[in-house]
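Trainee: Converting from the sequence shown to this note's numbering requires adding 525 to each position, the first position being numbered 1.
We treat Cβ as the ideally placed atom computed from N, Cα and C, and that holds for glycine.
Predicted model only: the values in this text are computed from it and were never measured.
Can you read through this structure? Questions will come right after.
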Amino acid sequence: MVWRAAKNILPTNKRLYERGLTIDPICPQCGMEEETIAHVLLQCEETRRIWFASPVTLHVPVDTDLSFTDWISFVINKEEKSGIANVFNLIYALWKKRNTWVFDKKRVSIDETLRLADSWQNFCKKTPSVMRVVEEPIGSSQNAIVFIDAAHKPGVRAGFGCVVTDQEGLFLAAAIVIEPELMEPMLA
Ligand SMILES: [Zn+2]
Numbered sequence: 526m527v528w529r530a531a532k533n534i535l536p537t538n539k540r541l542y543e544r545g546l547t548i549d550p551i552c553p554q555c556g557m558e559e560e561t562i563a564h565v566l567l568q569c570e571e572t573r574r575i576w577f578a579s580p581v582t583l584h585v586p587v588d589t590d591l592s593f594t595d596w597i598s599f600v601i602n603k604e605e606k607s608g609i610a611n612v613f614n615l616i617y618a619l620w621k622k623r624n625t626w627v628f629d630k631k632r633v634s635i636d637e638t639l640r641l642a643d644s645w646q647n648f649c650k651k652t653p654s655v656m657r658v659v660e661e662p663i664g665s666s667q668n669a670i671v672f673i674d675a676a677h678k679p680g681v682r683a684g685f686g687c688v689v690t691d692q693e694g695l696f697l698a699a700a701i702v703i704e705p706e707l708m709e710p711m712l713a
């Protein structure tokens with residue numbers, strides 16, 4: 526998702542407007558400015574309050590005129606690796622908060638947004654390397670959502686990863702499997 530944001534292909538109202546898919550480029554959360562990626566993830570009033578309330582310490586401020594692509598490039602170059610994981614988790618939570626408002630008409634509070642980012646951060650702490658399998662008991666969740674993706678590097682290795690969340694996006698479990706012998710992309 527951060528990759529899509531950095532490539533400027535997240536479907537914000539501004540982007541949909543430029544492509545003729547909506548008549549309103551304005552931010553649906555504050556109604557004050559055009560909804561660019563930088564606006565949703567860095568500059569929108571409540572977004573800024575969430576950044577300031579979060580445990581993330583940044584050397585690159587969020588109240589900036591930089592594009593999101595430039596901002597995230599600075600962050601990746603300047604912040605500690607562990608800090609970058611925090612940043613990515615919060616960005617994900619902010620985008621989910623935005624979508625919950627747009628599609629479900631539900632306000633996600635600052636605390637809930639921070640809790641969501643924190644649940645992903647706890648997962649990152651448990652997985653210092655992507656080269657291992659992680660298994661957690663999922664419990665009796667009836668409505669778990671599974672995100673899955675696979676990758677294949679010809680002649681090198683292939684693998685897949687999946688993340689299970691509850692309906693609110695809180696982390697439940699994940700597994701990452703790398704297969705050095707797997708050479709067929711369809712099998713990945
Ligand atoms: Zn806004």
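Measuring from each Cβ to the nearest heavy atom of ligand 1, keep the ones under 5 angstroms and list them in chain order.
Mentor: 552, 554, 555, 569
Trainee: Can you tell me whether residue 616 is helix, strand or coil according to DSSP?
Mentor: As a first step, residue 616 is located in the sequence shown; it is residue number 91 there, counting from the start. In the structure shown, residue 616 sits in a helix (DSSP, three-state: H, G or I).
Trainee: Kindly indicate which residue of 617, 601, 556 has the alpha-carbon position closest to the one of residue 529.
Mentor: By 1-based counting over the sequence shown, the position of residue 529 is 4. Measuring from the Cα of residue 529, the nearest candidate turns out to be 617.
Trainee: Counting beta carbon pairs with one atom in the segment 599-615 and one in the segment 555-562, are three or more of them shorter than 8 angstroms?
Mentor: No, the segment 555-562 is not in contact with the segment 599-615.
Trainee: Identify the continuous alpha helix (DSSP H) that holds residue 572 and give its terminal residues.
Mentor: Numbered from 1 along the sequence shown, position 47 holds the residue referred to as residue 572. Here the alpha helix (DSSP H) through residue 572 covers 570-578.
Trainee: So does the segment 625-636 actually touch the segment 563-579, counting three or more Cβ pairs closer than 8 angstroms?
Mentor: Segments in contact, yes.
Trainee: Can you tell me whether DSSP reads residue 559 as helix, strand or coil?
Mentor: In the sequence shown, the residue the question calls residue 559 occupies position 34. Residue state, collapsed to three classes: strand.
Trainee: Please state whether DSSP places residue 635 in a helix, a strand or coil.
Mentor: What you label residue 635 is simply residue 110 of the sequence shown in a count that begins at 1. It is helical.
Trainee: Give me the Cα-Cα distance between residue 539 and residue 550, rounded to the nearest whole angstrom.
Mentor: Within the sequence shown, the letter at position 14 stands for residue 539. Within the sequence shown, the letter at position 25 stands for residue 550. Rounded to the nearest angstrom, the two C-alpha atoms are 4 angstroms apart.
Trainee: Under a three-way DSSP split, which group does residue 609 fall into?
Mentor: As a first step, residue 609 must be located in the sequence shown, where it is residue number 84. Note: residue 609 maps to helix in three-state DSSP.
Trainee: Going by DSSP, name the residue or residues bridged to residue 551.
Mentor: One-based indexing of the sequence shown puts residue 551 at position 26. Its beta-bridge partners are 559.
Trainee: From this set, 567, 644, 547, which residue's C-alpha is nearest residue 527's C-alpha?
Mentor: In the sequence shown, residue 527 corresponds to position 2, counting from 1. For residue 527, the nearest C-alpha among the options comes from 567.
Trainee: Which term fits residue 628, buried or exposed, when burial requires 16 or more other beta carbons within 10 angstroms of its beta carbon?
Mentor: Locating residue 628 in the sequence shown gives position 103, counting from the first residue. With fewer than 16 Cβ atoms within 10 Å of its Cβ, residue 628 is classed as exposed.
Trainee: So the candidates are 583, 532, 569, 548; which of them puts its Cα closest to the Cα of residue 557?
Mentor: Counting from 1 along the sequence shown, the entry for residue 557 is found at position 32. The candidate whose alpha carbon is nearest that of residue 557 is 569.
Trainee: Please report the distance separating the alpha-carbon of residue 592 from that of residue 600.
Mentor: Position 67 of the sequence shown, counted from the start, is the residue given in the question as residue 592. Position 75 of the sequence shown, counted from the start, is the residue given in the question as residue 600. Taking the straight line joining both Cα atoms gives about 12 angstroms.
Trainee: Using CA coordinates, which residue listed in 537, 630, 619, 623 is at the minimum distance from residue 642?
Mentor: In the sequence shown, the residue the question calls residue 642 occupies position 117. The shortest Cα separation from residue 642 among 537, 630, 619, 623 belongs to 619.
Trainee: Residue 584 and residue 606: beta carbons closer than 8 angstroms?
Mentor: Position 59 of the sequence shown holds residue 584. Position 81 of the sequence shown holds residue 606. Contact: no.
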